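Participant:
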Amino acid sequence: MPKDTVPTGSNWALLREAQFQVSHKIPGTALAVTYDLGEWNDIHPLNKKDIAKRLFLAARRLVYGEDIAASGPRYQGMQIAGDKILVSFDQIGKGLAIRHGKTLQHFAIAGADRKFVWANAFIQHNKVVLSHPTVKHPQAVRYAWSNNPEDANLISKEGLLAIPFRTDHW
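Mapping of the sequence shown onto this note's numbering: residues 354 to 523, in sequence order.
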């Protein structure tokens, strides 16, 4: 689907969230995050090779028990600090990084009004710090929460994409 210019609700994001939840409840399953490999107008990505590489990492860890990074950063928790939110992750491997560009993209925050805006985001001490001038009392975060989050660029230093998430259930 086309990219969203403002944060919105997304049925694709809900589907990705459900897939992630199931992958942690059923033994012997893993999840490979691939939202960067598809085309906006085709559900079947042409780049099968990189999808296979990510699935192989998951298999090496899950089936063969190898101690390797097989997943990108996974939301662990958030802390509100004044007008900022600090987001922590597990599965960060050697640390958090930015895949392309110099700034993190596709993080949105909202206050009590429940209106999400794209956040100013940066990495500090392997946490992501979020803020926006119009959100003085932030309450919730969403990451890669759209139909087409291809610009989302938080990764581990091993190059694995962060798993999309939300902290609200509004």
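Ideal Cβ placement from N, Cα and C applies to all residues, glycine included. Here the structure is a predicted model, which means the values were calculated and not measured.
(1) Throw me the rounded Cβ distance for the residue 458 and residue 506 pair, which I believe falls under 8 Å.
(2) Any idea if residue 467 is buried or exposed, counting beta-carbon neighbours within 10 angstroms, 16 or more meaning buried?
(3) Taking Cβ positions, are residue 493 and residue 462 nearer each other than 8 Å?
(4) The beta strand (DSSP E) with residue 441 in it runs from where to where?
(5) Rank 490, 465, 456, 489 by C-alpha distance to the C-alpha of residue 474 and give the top, closest one.
(6) Which one or two residues does DSSP pair with residue 480 in a beta bridge?
(7) Roughly how many angstroms separate the alpha carbons of residue 446 and residue 491, rounded to a whole number?
(8) Does the Cβ of residue 417 have 16 or more other Cβ atoms within 10 Å, making it buried, or fewer, making it exposed?
Facilitator: According to the structure shown:
(1) 5 Å
(2) By the neighbour-count rule (16 or more Cβ atoms within 10 Å), residue 467 is not buried but exposed.
(3) yes
(4) 437-443
(5) 456
(6) 441, 477
(7) Looking at the two C-alpha atoms, the distance is approximately 28 Å.
(8) exposed
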